[in-house]
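For reference, the structure discussed in these notes is given below.
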Amino acid sequence: MLTPDRIAINQATTKTQWGFRDSVEGYASRGVRRIGIWLDKLQECGLAEGKKILDANGMAVTGVNRAGPFVLDGSVPLSAAVDGARTAIDVAAELGADCVLVFPGGMPQGSRDLAGARGRFVSVAAALVDHARGTGVTLGLEPLHPMLAADRSVLNTMTEANDLCDALGSGIGIVVDAYHVWWDVRLKAEIARAGAERLVGFHVSDWLVPTRDLVFDRGMMGDGVIDNAEIRGWMEAAGYAGAVEVEIFSERDWWQKDPDEVVRTAIDRCRTFV
8 MLTPDRIAIN QATTKTQWGF RDSVEGYASR GVRRIGIWLD KLQECGLAEG KKILDANGMA
68 VTGVNRAGPF VLDGSVPLSA AVDGARTAID VAAELGADCV LVFPGGMPQG SRDLAGARGR
128 FVSVAAALVD HARGTGVTLG LEPLHPMLAA DRSVLNTMTE ANDLCDALGS GIGIVVDAYH
188 VWWDVRLKAE IARAGAERLV GFHVSDWLVP TRDLVFDRGM MGDGVIDNAE IRGWMEAAGY
248 AGAVEVEIFS ERDWWQKDPD EVVRTAIDRC RTFV
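In this note's numbering, the protein residues as written are 8 to 281.
What follows is the structure, given as structure tokens:
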């Protein structure tokens, strides 16, 4: 059974119900002492006050969401996106986070050049990793489901993430989000390839059948088809001993429920299905 000290909850799980302070205090009230934070939530109170709230509740930060996206679509200049990513890295360093999540973004509107978009992201990651090394923060690459390649992330498999880590060296690792990679026939092998040094996070939820929305219809563990316990076993066999983080985007279900019920259920499901 998963011990309580290993369980983390990402603020996305109670995105619509709780702000920054409420989420920290609400998770802590249930014995959770690890949290994945979002910069928009942190902005509600500011970095200094947010750090005080975290410290007062004995809460450690697993990851800061997020650096990116980096898409040449004219909405945000690439240089501004890179500057914003450096700021996210600095915030993660100030909070002592395990990593900052890197969100590549998809393809520019109207483009069919997937290889070009991936190449641009590799260049951006290379530009950021030196800054990350200087702060002691790890860049966390999180492959997203390939059906999101066009509009959300051009990094879609563990193999790609491992290859990029091989190319860039220290200061960069991988966050394994079961929702996005559970289907991959190479998942076990690529987790083993990554090993303890490279594995910096593990996110759990469930894939519902049918899925009504690729982003905002995640299930609670045990409600879908993902064998989170098996994937956790692969992670631990590879040397991972970090947090098991519940991250559930659920517009129609869990975001409509009482947040304390959501947290209580998440903890119970982690113990049963993870």
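Note that beta-carbon positions come from the ideal geometry of N, C-alpha and C, so glycine has one too. Note that the coordinates shown come from a computational prediction; the quantities given were computed from them, not determined experimentally.
Nearest candidate by alpha-carbon position, reference residue i, set the options
| i | options | result |
| --- | --- | --- |
| D12 | A157, V68, D267 | V68 |
| I181 | R193, D120, T166 | T166 |
| L171 | V192, G126, D267 | G126 |
| S160 | K195, P115, A199, I42 | P115 |
| R37 | I44, I14, K22, L46 | I14 |
| G176 | W241, A139, A95 | A139 |
| L292 | L162, V144, G143 | The displayed coordinates of the chain run from 8 to 281. Any statement about residue 292 would go beyond what the structure contains. |
| D137 | L155, I96, T164 | I96 |
| L61 | E32, V89, R73 | E32 |
| P217 | V211, G226, F27, H210 | G226 |
| E101 | P266, G141, D184 | G141 |
| D234 | E204, V253, V211 | V211 |
| F110 | F77, A99, P84 | F77 |
| A92 | G65, A245, D275, F128 | F128 |
| Y186 | W214, I44, L206, G57 | W214 |
| L85 | L146, D105, L135, A273 | L135 |
| R303 | P266, T279, E252 | The first residue shown for the chain is 8 and the last is 281, placing residue 303 beyond what the model contains. |
| A88 | L121, T272, A132 | A132 |
| I44 | K59, Q24, L108 | L108 |
| A3 | V207, A199, D260, Q263 | Absent from the structure is residue 3, since the part of the chain shown begins at 8 and ends at 281. |
| Q24 | V281, C277, S257 | S257 |
| L221 | K59, R271, M154 | M154 |
| M228 | A273, R28, G246 | A273 |
| T164 | V188, L146, V144 | V188 |
| G6 | S118, G112, T145 | Past the boundaries of the shown model lies residue 6; the chain is included only from 8 to 281, so the question cannot be answered. |
| G75 | G147, E204, G246, K264 | G147 |
| E268 | M8, L9, T20 | T20 |
| G112 | S130, L121, V83, D158 | D158 |
| V183 | R271, K48, F209 | F209 |
| K22 | G57, L46, M8 | L46 |
| L299 | Y34, R28, G65 | Absent from the structure is residue 299, since the part of the chain shown begins at 8 and ends at 281. |
| A35 | K59, G57, A63 | A63 |
| C52 | V39, G70, S30 | S30 |
| T94 | D105, V71, V281 | V71 |
Beta-bridge partners of residue i, as assigned by DSSP
| i | result |
| --- | --- |
| L146 | V107, I179 |
| N17 | G43 |
| N257 | Note that residue 257 is Ser in the sequence shown here, rather than Asn. For S257, which the question treats as bridged, DSSP gives the partners D224. |
| G70 | G43, C106 |
| S160 | G112 |
| E252 | A15, H210 |
Limits of the unbroken alpha helix (DSSP H) element including residue i
| i | result |
| --- | --- |
| R205 | 194-205 |
| N64 | It is not in any alpha helix (DSSP H) - N64 carries neither H nor E in the DSSP assignment. |
| I238 | 235-244 |
| R278 | 266-280 |
| T94 | 85-102 |
| Y186 | 185-188 |
| E32 | 27-36 |
Next on the checklist: Tell me whether the stretch 234-243 and the stretch 191-207 touch, counting them as touching only if at least three CB pairs, one residue from each stretch, are closer than 8 Å.
Outcome noted: yes
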